[in-house]
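Please read the structure below before turning to the comments.
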Amino acid sequence: MHVLIVGNIIKDTYLELEPKLFEVGKKNRVYLEMELDEEPFYFKSEKNILSGACIIEEIVQNFHLNGQIQKTKSHYDIDHRFLIKCKDKVKYLTSEYCKKTQFYTPERVPDWIFIDRSARLDVFTIKKIITYLETHKNSHLAFFAKQKIFDILLKPDDLDTQNYLKNLLSYAELIFLSSASKENTNQIFHNINYKQIKKPLLFQITPESLSYEENLTTFDLETQDFLTHLSIYSIVAGTIFAALISGWNLGRAIKLAKLNLENAKIGRTLDLNNLYKKLKKILNREKELQLIAESLTADQKGILAIDESKKTIRQKLRKFKIIDTKQHQEAWRELLVTTPKLANFINGIILSQETIEQKLANNESIPSFLIRHGILAGVKADLGLEKDARFRNNFRTLGLEDLDARLINYFEQGLRFVKWRTVFNTEEKNKIPHEIINQNIDDLCSYTKKAIKNNLVPIMEPEILRGEMDISQYFDNTKSVLFCLFHKLEESGVNIGDCILKINMIYSIENNPLETGRMTMRLISEVIPEQIGGIVFLSGGQSPVSATENLAEIIRENNNRYRLSFSFGRAIQDPALTIWNGEQKNTDLARQKLYERLEANCRALGNNYFFSISRRN
């Protein structure tokens with residue numbers, strides 16, 4: 004396949020300057036004070052690369068396509084840019100009078116013409132390209148429209164140029180945009196009479212995201228090398244273009260673009276072989292994460308939550324009149340995780356940071372012990388709550404700052420999933436403030452993306468505190484939070500098949516299980532996509548028996564549509580803790596009560612293969 008690239012070649016000269024040359028002025032603005040005298044300024048390094056249309060040419064060739072920049076009859080005309088770089092900031096100097104882009108009838112009829120964003124088009128050149136497309140019906144057009152194209156199209160006083168541009172765009176099958184609001188996009192591009200039966204694929208690219216139609220993919224980049232926003236546009240557009248015309252589907256093309264962007268260095272993008280290797284790793288990882296997510300809710304088993312913080316477990320012991328010591332805290336956790344045949348009832352256990360570090364009597368770590376007994380180990384990744392000063396009784400979850408480093412460590416310790424809890428409370432008129440919802444959901448989405456990036460299944464726990472709300476208000480508030488969550492997850496490009504959602508049941512103060520089942524499943528079906536890896540319920544202050552009864556009704560209403568299970572803490576632990584009372588001699592009786600609660604909840608899930616441990620013994 005032959006691709007003709009229409010655009011300008013640009014020589015970029017990077018000058019990296021020492022931070023000490025910059026000063027901080029008012030409003031913390033960083034600026035470089037340069038006086039034209041004989042005093043020298045020393046730069047750290049210099050690098051020269053060819054950019055502009057050269058980036059598209061390189062990417063197209065890396066996909067094993069025949070890509071070639073439109074040349075003049077004798078030589079390349081090159082524009083020059085000088086880029087001043089300091090840390091992660093860049094400012095560039097360029098000529099206002101860059102060379103006009105030429106178009107000559109190519110010697111070979113191209114399969115595609117790609118008009119690059121570096122192109123400087125005048126009416127004469129536009130006319131020549133239109134004429135060529137009119138007479139060569141088998142040549143397809145891809146167009147990268149930069150801001151100046153928008154400026155021309157939106158100006159009311161240049162109708163002649165506008166008409167020629169719209170005529171040229173009418174041939175386009177792929178259109179890339181580097182700026183413009185959605186309103187302007189709709190105004191311009193959705194009102195063009197395109198030559199094709201189908202409207203073109205329209206992509207909008209920013210340094211942080213890629214959107215097409217109503218879909219948004221955020222890049223959230225950690226580049227290996229410094230890239231200006233100018234390169235970002237070209238790498239994304241060039242990779243998507245080359246992938247699509249090579250036969251890759253849209254989803255894969257976008258993944259390849261993101262990979263190319265994350266791994267590109269100044270003056271070098273990835274070839275197809277390396278891109279494909281990285282893509283295979285991602286697809287394998289995604290498959291693995293989805294399998295883990297699904298396994299956490301498989302076989303009518305649940306997830307046991309023993310992730311209480313130091314403060315919470317101390318309060319729990321005091322509540323049951325057990326002496327609050329570190330020894331008692333560790334003894335209780337060891338009793339739980341070493342309970343024989345625990346894997347008959349649960350697929351995973353959520354631990355706290357302290358529990359991960361705790362050694363058992365045989366000097367084995369708890370995660371290692373669980374893995375050896377067929378139970379997936381996870382951890383509470385957030386660092387608790389802090390009050391939000393703006394709103395009474397509302398909180399923000401801590402722990403994002405150092406989360407990446409901790410996630411890497413969790414994976415190395417054998418953990419395969421993490422949990423993040425955020426809490427929502429009502430204000431006046433029983434409504435949760437929108438600002439609280441947006442802030443906490445943004446944090447929850449950020450955590451989710453980081454977890455997936457680090458090969459860990461994220462459990463998302465947006466808990467809406469019950470308070471004094473009636474069931475309809477409880478439903479509405481939970482729906483508002485979940486609607487915001489899944490909207491932002493979609494915008495972020497998260498594969499929700501890799502995720503577990505942990506939510507509160509929708510129950511009334513009077514606690515009618517039939518009503519709970521109906522209202523909870525109504526909520527799920529209205530807001531949550533069926534592609535979710537799994538949904539688990541928290542007990543949310545209900546009694547152990549009520550939580551189980553409500554769970555059973557939810558499962559009946561579900562009718563195997565969603566992957567549902569439980570992730571109870573207090574509703575499973577507390578009855579056993581009451582019996583244990585901090586006494587070693589009560590261990591067997593405490594475990595007997597633990598079995599009872601676990602078996603009851605597994606039966607609620609539809610697992611009828613359990614038999615009572617007490618009856619067996």
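Using my numbering, the letters of the sequence shown correspond one by one to residues 4 to 620.
Beta carbons: idealized from backbone N, C-alpha and C, even for Gly.
Query raised in the report: According to the Cβ coordinates, are serine 495 and lysine 452 closer than 7 Å?
Result: The sequence position of residue 495 within the sequence shown is 492, counting from 1. The sequence position of residue 452 within the sequence shown is 449, counting from 1. Yes. Within cutoff.
Query raised in the report: CA-CA distance, alanine 175 and methionine 524?
Result: The residue labelled residue 175 in the question sits at position 172 within the sequence shown. The residue labelled residue 524 in the question sits at position 521 within the sequence shown. If I take the Cα positions, the gap works out to 46 Å.
Query - Opening and closing residue of the beta strand (DSSP E) in which asparagine 51 lies - result: On the sequence shown, residue 51 is found 48 positions in, with the first residue counted as 1. Per DSSP, asparagine 51 belongs to the beta strand (DSSP E) from 46–55.
Query raised in the report: Are at least three pairs of beta-carbons, each pair with one atom in the stretch 338–357 and one in the stretch 296–310, less than 8 Å apart?
Result: Touching, yes.
Query - beta strand (DSSP E) segment containing glutamate 207, residue limits - result: Counting from one through the sequence shown, the residue named residue 207 turns up at place 204. Sequence check: residue 207 is glutamine here, not glutamate. First-last of the beta strand (DSSP E) with glutamine 207: 204–208.
**Report entry** Integer Cβ distance of asparagine 350 from leucine 379, believed to fall under 8 Å
**Finding:** For this step, residue 350 is matched to residue 347 along the sequence shown. For this step, residue 379 is matched to residue 376 along the sequence shown. Their Cβ separation, rounded to whole angstroms, is 6 Å, which keeps asparagine 350 and leucine 379 in contact under 8 Å.
Report task. Within the stretch 271–344, note down every full beta strand (DSSP E) run reaching 3 residues or more, in order along the chain. Result -> Within the stretch 271–344, complete beta strand (DSSP E) segments of at least 3 residues are found at 305–309, given in chain order.
Report task. Go through its chain and collect everything with a Cβ distance to leucine 373's Cβ below 8 Å, but skip five positions before and after it. Result -> Counted from its first residue, the sequence shown places residue 373 at position 370. Here leucine 373 has Val340, Ile352, Leu379, Ala380 as same chain residues with Cβ atoms under 8 Å from its own Cβ, once five neighbours each way along the sequence are excluded.
Requested in this report: State the beta-bridge partners of proline 461 as determined by DSSP.
Outcome: Taking the first residue of the sequence shown as position 1, residue 461 is located at position 458. According to DSSP, residue pairing for proline 461 in a beta bridge involves Val421.
Query raised in the report: Out of curiosity, what's the CA-to-CA distance linking threonine 400 and histidine 139?
Result: For the purposes of this step, residue 400 is identified with residue 397 of the sequence shown, where counting begins at 1. For the purposes of this step, residue 139 is identified with residue 136 of the sequence shown, where counting begins at 1. Using only the alpha carbons, I get a separation of about 60 Å.
Query raised in the report: What does phenylalanine 146 pair with, by DSSP beta-bridge criteria?
Result: Looking up residue 146 in the sequence shown gives position 143. Ile118, Ile178.
Query raised in the report: Name the DSSP bridge partner or partners of glutamate 466?
Result: Taking the sequence shown and counting its residues from 1, the one referred to as residue 466 is at position 463. When DSSP reads this structure, glutamate 466 sits in a beta bridge with Val426.
Query raised in the report: Do you know offhand how far phenylalanine 398's Cα is from lysine 261's?
Result: Along the sequence shown, one-based indexing puts residue 398 at 395. Along the sequence shown, one-based indexing puts residue 261 at 258. So the alpha carbons of these two residues sit roughly 34 Å apart.
Query raised in the report: Per the contact definition of three or more C-beta pairs closer than 8 Å, is the stretch 419–428 in contact with the stretch 459–468?
Result: Taking one beta carbon from each stretch, the stretch 459–468 and the stretch 419–428 have 3 or more pairs nearer than 8 Å; the two touch.
Query - tyrosine 17: first and last residue of the uninterrupted alpha helix (DSSP H) it sits in - result: As a position in the sequence shown, residue 17 is number 14, starting the count at 1. Tyrosine 17 -> not in any alpha helix (DSSP H); beta strand (DSSP E) instead, spanning 12–20.
Report task. Within 10 angstroms of the Cβ of proline 532, are there 16 or more other Cβ atoms? Answer buried if so, exposed if not. Result -> If you number the sequence shown from 1, residue 532 lands on position 529. Exposed is the call here.
Query raised in the report: With a CB to CB cut of under 8 Å and the five nearest residues on each side skipped, what residues in its chain are close to valine 497?
Result: The residue labelled residue 497 in the question sits at position 494 within the sequence shown. Within its own chain, the residues whose Cβ lies closer than 8 Å to the Cβ of valine 497, once the five positions on either side in sequence are excluded, are Cys448, Thr451, Lys452, Ile455, listed in chain order.
**Report entry** Three-state secondary structure assigned by DSSP to isoleucine 538
**Finding:** In the sequence shown, residue 538 corresponds to position 535, counting from 1. Judged by DSSP in its simplified three-state form, isoleucine 538 adopts strand.
Query raised in the report: Which whole-angstrom value is the C-beta distance of proline 210 and isoleucine 238, which I expect to be below 8 Å?
Result: In the sequence shown, counting from the first residue as 1, residue 210 sits at position 207. In the sequence shown, counting from the first residue as 1, residue 238 sits at position 235. Rounded, the Cβ-Cβ distance is 11 Å, inconsistent with contact.
Query - Sufficient close CB pairs (3 or more, under 8 Å) joining the stretch 147–165 to the stretch 196–204 - result: The stretch 147–165 makes no contact with the stretch 196–204, as fewer than three CB pairs between them are under 8 Å.
Query raised in the report: DSSP beta-bridge partners for serine 568?
Result: For the purposes of this step, residue 568 is taken as the residue at position 565 of the sequence shown. Under DSSP, serine 568 forms a beta bridge with Val539.
Query - serine 570 versus glutamate 599: straight-line alpha-carbon distance, rounded - result: By one-based count along the sequence shown, residue 570 stands at place 567. By one-based count along the sequence shown, residue 599 stands at place 596. The straight-line gap from Cα to Cα measures roughly 16 Å.
Requested in this report: Report the rounded CA-to-CA distance for isoleucine 444 versus glycine 543, giving the unit in angstroms.
Outcome: Within the sequence shown, the letter at position 441 stands for residue 444. Within the sequence shown, the letter at position 540 stands for residue 543. Distance between the alpha carbons of isoleucine 444 and glycine 543: 20 Å.
Query raised in the report: Going straight from the alpha carbon of glutamate 466 to that of isoleucine 506, what length do you get?
Result: To locate residue 466, count along the sequence shown from 1; it is residue 463. To locate residue 506, count along the sequence shown from 1; it is residue 503. So the two alpha carbons sit approximately 6 Å from each other.
Report task. Please work out which residues of its chain come closer than 6 Å, Cβ to Cβ, to isoleucine 72, disregarding the five sequence neighbours upstream and downstream, and give them in chain order. Result -> Taking the first residue of the sequence shown as 1, we reach residue 72 at position 69. For isoleucine 72, where only same-chain residues beyond five positions count, the Cβ hits under 6 Å are Ile8, Ala56, Glu60.
Requested in this report: Quick one: grab the DSSP three-state call for lysine 76.
Outcome: In the sequence shown, residue 76 corresponds to position 73, counting from 1. Here the model assigns lysine 76 a pLDDT of 46, short of 50, so the residue's position is not dependable and the matter cannot be decided.
Query raised in the report: From glutamate 289 to leucine 282, what distance separates their C-alpha atoms?
Result: For the purposes of this step, residue 289 is taken as residue 286 along the sequence shown, with counting starting at 1. For the purposes of this step, residue 282 is taken as residue 279 along the sequence shown, with counting starting at 1. Taking the CA atoms as reference points, glutamate 289 sits about 10 Å from leucine 282.
Requested in this report: Please classify phenylalanine 394: does DSSP put it in a helix, a strand, or coil?
Outcome: Working through the sequence shown from its first residue, we reach residue 394 at position 391. Correct three-state label for phenylalanine 394: coil.
Query - Which residues DSSP lists as bridging aspartate 82, in chain order - result: Counting from 1 along the sequence shown, the entry for residue 82 is found at position 79. Looking at the DSSP assignment, aspartate 82 forms a beta bridge with Ile13.
Query - Close Cβ partners of lysine 1 (< 7 Å) along its chain, the five nearest in sequence each way excluded - result: An answer regarding residue 1 cannot be provided, because it is not within the stretch 4 to 620 covered by the chain.
**Report entry** Residues bridged to leucine 388 [DSSP beta-bridge criterion]
**Finding:** The count along the sequence shown starts at 1 and reaches residue 388 at position 385. According to DSSP, which records beta bridges pairwise, leucine 388 is partnered with Thr400.
Query - Residues of its chain near threonine 97, where Cβ-Cβ distance is below 6 Å and the 5 sequence neighbours each way are ignored - result: Here residue 97 refers to the residue found at position 94 of the sequence shown. So the qualifying residues of the chain are Arg84.
Query raised in the report: Nearest CA to the CA of isoleucine 512: which residue from Val539, Met472, Arg521, Lys491?
Result: For the purposes of this step, residue 512 is taken as the residue at position 509 of the sequence shown. Comparing C-alpha distances from isoleucine 512 to each of Val539, Met472, Arg521, Lys491 shows the shortest one belongs to Met472.
Query raised in the report: For leucine 447, which three-state DSSP category applies?
Result: Mapped onto the sequence shown, residue 447 falls at position 444. The answer is helix: DSSP assigns leucine 447 an H, G or I state.
Query - Proximity winner among Lys103, Asn69, Ser48, relative to isoleucine 12 (alpha-carbon distances) - result: What you label residue 12 is simply residue 9 of the sequence shown in a count that begins at 1. Of the candidates Lys103, Asn69, Ser48, the one whose C-alpha sits nearest the C-alpha of isoleucine 12 is Lys103.
Requested in this report: Apply the 10 Å Cβ neighbour rule to glycine 10 and answer buried if 16 or more other Cβ atoms are within range, or exposed otherwise.
Outcome: As a first step, residue 10 must be located in the sequence shown, where it is residue number 7. Buried is the call here.
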